[in-house]
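Participant: As given, the protein sequences belong to chains A and B, one line each in that order. For what it's worth, the numbering used here labels the leading residue of the first sequence as 647, then goes sequentially. For what it's worth, the numbering used here labels the leading residue of the second sequence as -17, then goes sequentially. Beta carbons are placed, not taken as given, at the ideal position from N, Cα and C, and that holds for glycine. Handing you a structure now.
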Amino acid sequence: MIELRGVQKSFGSHEVLKGIDLTVGKGSVTVILGPSGSGKSTLLRTINHLEKVDRGHVRVDGELIGYRLDGTKLHELPERLVLRQRAGIGFVFQTFNLFPHLTAVENVAEAIRRPDARERAITELVRVGLAEKTDAYPRQLSGGQQQRVAIARALALDPKLVLFDEPTSALDPELVGEVLDVMRDLARAGTTMIVVTHEIGFAREVADTIVFLDDGRIVEQGPPAEVLDSPKHDRTRAFLSKVLV
Amino acid sequence: MSVLSEARAAPPATEPLTVVPARHPWRWVGAAAVSVLVTQFAHGLITNPGWDWATFAGYFFEKSVLQALLVTLELTFAGAVLGFLGGIVLAPMRLSRNPVLRSVSWTYIWVFRSVPLIVQLLFWANLGYLYDTLQVGVPFGPGFVHVGTSDLVSSFGAALLGLALHEAAYAAEIVRAGIISVDQRQLEAAAALGIPRLRQFRRILLPQAMRAILPSAANELVNLLKNTSVVYVLAIGELFYQVQVVYGRNGRVVPLLLVATVWYVILTAVLSFFQHYVERHFSRGWRR
Ligand SMILES: Nc1ncnc2c1ncn2[C@@H]1O[C@H](COP(=O)(O)OP(=O)(O)OP(=O)(O)O)[C@@H](O)[C@H]1O
Ligand SMILES: [Mg+2]
């Protein structure tokens, strides 16, 4: 279970997250929608502590991320421990961010700290349908294939949770489907996922909960049928009327 | 519009079209002019007795020259290894968030790039004048081991020290250029995977930085090779010093300078050869 309580984050004087409370159940899929600049990426990045929060806290399976609680004080964890926590949280970037000097299988195996890393990496690549491409370098793969390698890389550490930041926005339209298919399979297999996306069709079909974020606040949340078909808030309605044309 | 439609109308549909390459008359003129100059220069090299090719041949493989060549190679190799090790430490220091590390590295690079190598070498050679003994012990406190400075720092040691310190400053900037050329998102991806810091540096950052580092590093290595000739001021028997010794004896300055020159040219060619293969190794994943 993932729990965000009163999460606040500013860049300089610009308050990007204005107190976020969110609970995500184990094995559930949460889709975050919201206009550009509303703080979606920042929210995801606070969950694996790529951004430090200014106030509030994040817990994953009860474990406080990035801090140690001592009485009423939150002590920042040393980087080594934060890195260890991050290994339990997969992150898939909009721009894939594969390591260009490593092959697909090396990319996936890089963070695995086990003697059978390569076998494990190949298993993950097979799972995302890339059995044939294990020895290809990222440059030799299409965007959709690169993003699937990135997903395999995020899965290879058996994460408790996988975060997706607009995983299909950098893809040509005909490649979006293959990535969404992989994500659909993951959801079906019970992977806990938080997904920022503009793919409303995917959200409607796969999400358990849709969260609508606007200007650093959660404006409304609920099951897809509720949020997408009968939004309560004007902001949500305005946003949906733009993306649903 | 009329040009376009004419062009479209021109080719008869059935005939295969042949390509006639464009002619480049000026290339021929340029090539001819340069060939004349090169031939003239070569003719001069062969016929001018001043070059004294017999003496050149006599000394090219002469034992003392070969020994001196070895010293040059040792200085180059050791200087490069120590220099680049220094650079690999100094560059991340200069990029670090720790203000003390950052300013120490900045100052080091500033100072050692400012001081001409020859001046620095003379300083090291005269270290004994500043401190006659060096000791190992508690900072500002008592010492345990005392060594005479001139015993510790031989003239070869002084030369190597100078070259390495000088080289480290340049190497630091080369490595830094390589590091900042790597997309920040690469480190972010590594951090998101929980890869430990040192491993991020070694496995993700450095191999990618190498692509930007290598051409400048090879350039710097060639510079270092030639800079070893400056240590002649410390009377170390490297190549340039040795040919001076020989022409001081027999007065054949030009052919002996030529001996040194040709060796430097050959060594540079060997370096360029290796550079090609090393660069190819680190361009893995960038070639299709
Ligand atoms: N490192 C940073 N420094 C300063 N400002 C930042 C930084 N990162 C994000 N911001 C600002 O925070 C706000 C929210 O950014 P964020 O990337 O979270 O938005 P988003 O909802 O993901 O938008 P998009 O849909 O365009 O990706 C933006 O106004 C952005 O300019
Ligand atoms: Mg974003």
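Using only CA atoms, which one of Ser46/B, Ala140/B, Gly267/B and Asn80/B lies nearest to valine 212/B?
Facilitator: Of the listed residues, the one whose Cα sits closest to valine 212/B is Ala140/B.
Participant: For phenylalanine 810/A, which beta-bridge partners are listed by DSSP?
Facilitator: Paired residue(s): Val738/A and Val841/A.
Participant: Got a sec, what are the start and stop residues for the beta strand (DSSP E) tyrosine 713/A sits in?
Facilitator: 713 to 716
Participant: Thinking lysine 686/A and leucine 859/A are a contact (beta carbons under 8 Å), I'd like their distance in whole angstroms, please.
Facilitator: 6 Å
Participant: If you drop the 5 nearest sequence neighbours on each side, which residues of the same chain put their C-beta closer than 6 Å to that of isoleucine 735/A?
Facilitator: Asn694, Pro805 and Leu807
Participant: What did DSSP end up calling lysine 655/A once you bin it into helix, strand or coil?
Facilitator: strand
Participant: Just confirm the distance between the C-beta atoms of phenylalanine 59/B and leucine 240/B, as a whole number of angstroms; I'd bet it's less than 8 Å.
Facilitator: So it is not a contact: roughly 24 Å between Cβ atoms.
Participant: So which residues touch the region around ligand 1, with touch meaning a C-beta under 5 Å from any heavy atom?
Facilitator: Phe657/A, Val662/A, Ser682/A, Gly683/A, Ser684/A, Gly685/A, Lys686/A, Ser687/A and Thr688/A
Participant: For the alpha helix (DSSP H) holding threonine 210/B, just list the boundary residues, first then last.
Facilitator: That residue, threonine 210/B, is in no alpha helix (DSSP H); it is neither H nor E in DSSP.
Participant: With a cut-off of 8 Å, does the C-beta of tryptophan 268/B fall near any C-beta of chain A?
Facilitator: Interface annotation, tryptophan 268/B: in contact with chain A, CB-CB separation under 8 Å.
Participant: Between leucine 77/B and isoleucine 156/B, is the Cβ-Cβ spacing less than 8 Å?
Facilitator: no
Participant: Is arginine 883/A helix, strand or coil by DSSP?
Facilitator: Helix at arginine 883/A.
Participant: In chain B, which residues lie with their C-beta within 8 Å of the C-beta of threonine 741/A?
Facilitator: By Cβ distance, chain B contributes Arg167.
Participant: Give the residues of chain A in contact with proline 197/B, contact being defined as C-beta atoms less than 8 Å apart.
Facilitator: Correct list: empty, because the minimum Cβ distance to chain A is about 17 Å.
Participant: Say whether the stretch 88 to 97 of chain B touches the stretch 173 to 185 of chain B, bearing in mind that this needs 3 or more beta-carbon pairs closer than 8 Å, one atom from each stretch.
Facilitator: no
Participant: Let me check understanding here. Comparing Cα to Cα, which of Leu203/B, Gln190/B, Gly233/B and Tyr259/B lies closest to tyrosine 246/B?
Facilitator: Leu203/B
Participant: With three or more C-beta pairs closer than 8 Å as the rule, is the stretch 811 to 826 of chain A touching the stretch 718 to 729 of chain A?
Facilitator: no
Participant: For ligand 2, is there a heavy atom less than 7 Å away from the beta-carbon of aspartate 811/A?
Facilitator: yes
Participant: Check the C-beta distance from glycine 862/A over to serine 682/A and give it rounded, since I have them as a contact under 8 Å.
Facilitator: About 13 Å separates the two Cβ atoms, so there is no contact after all.
Participant: Express the C-alpha separation of alanine 191/B and valine 260/B in angstroms, rounding to a whole number.
Facilitator: 13 Å
Participant: Assign leucine 748/A to one of three DSSP states: helix, strand, or coil.
Facilitator: coil
Participant: So, using beta-carbon positions, are leucine 72/B and alanine 4/B closer together than 8 Å?
Facilitator: no
Participant: Whole-angstrom Cβ separation of lysine 779/A and alanine 757/A, contact assumed at under 8 Å?
Facilitator: In fact, because the Cβ distance is near 19 Å, the residues do not count as touching under 8 Å.
Participant: Within 10 Å of its beta-carbon, does alanine 62/B have 16 or more other beta-carbons around it, so buried, or fewer, so exposed?
Facilitator: Its Cβ being crowded by 16 or more others within 10 Å, alanine 62/B is buried.
Participant: Rounded to whole angstroms, what's the CA-CA distance from isoleucine 186/B to valine 86/B? Just pull it up for me.
Facilitator: The alpha-carbon separation between isoleucine 186/B and valine 86/B amounts to approximately 26 Å.
Participant: If you reduce the DSSP assignment to three classes, tell me which class isoleucine 678/A lands in.
Facilitator: strand
Participant: In three-state DSSP terms, what is leucine 710/A?
Facilitator: strand
Participant: At a CB distance below 7 Å, what residues from the stretch 167 to 181 of chain B approach chain A? Give them in sequence order.
Facilitator: Arg167, Gln168, Glu170, Ala171, Ala173, Ala174, Leu175, Gly176, Ile177, Pro178 and Arg179
Participant: Taking 8 Å as the cut-off, decide whether the C-beta atoms of glutamine 793/A and leucine 817/A are in contact.
Facilitator: yes
Participant: Report yes if the CB atom of histidine 703/A is closer than 8 Å to the CB atom of arginine 651/A, and no otherwise.
Facilitator: yes
Participant: Between proline 892/A and chain B, is there a C-beta pair that is closer than 8 Å?
Facilitator: Missing from the structure shown is residue 892/A; chain A here goes from 647 to 891 and no further.
Participant: To the nearest angstrom, report how far apart leucine 188/B and histidine 6/B are at their CA atoms.
Facilitator: 45 Å
Participant: For the structure I just gave you, are there three or more beta carbon pairs, one from the stretch 21 to 32 of chain B and one from the stretch 193 to 207 of chain B, closer than 8 Å?
Facilitator: no
Participant: Pull up the distance between the alpha-carbon of serine 137/B and that of isoleucine 218/B, whole angstroms please.
Facilitator: 7 Å
Participant: Quick one: list the residues of chain A neighbouring proline 189/B, beta-carbon separation under 7 Å, in chain order.
Facilitator: His747
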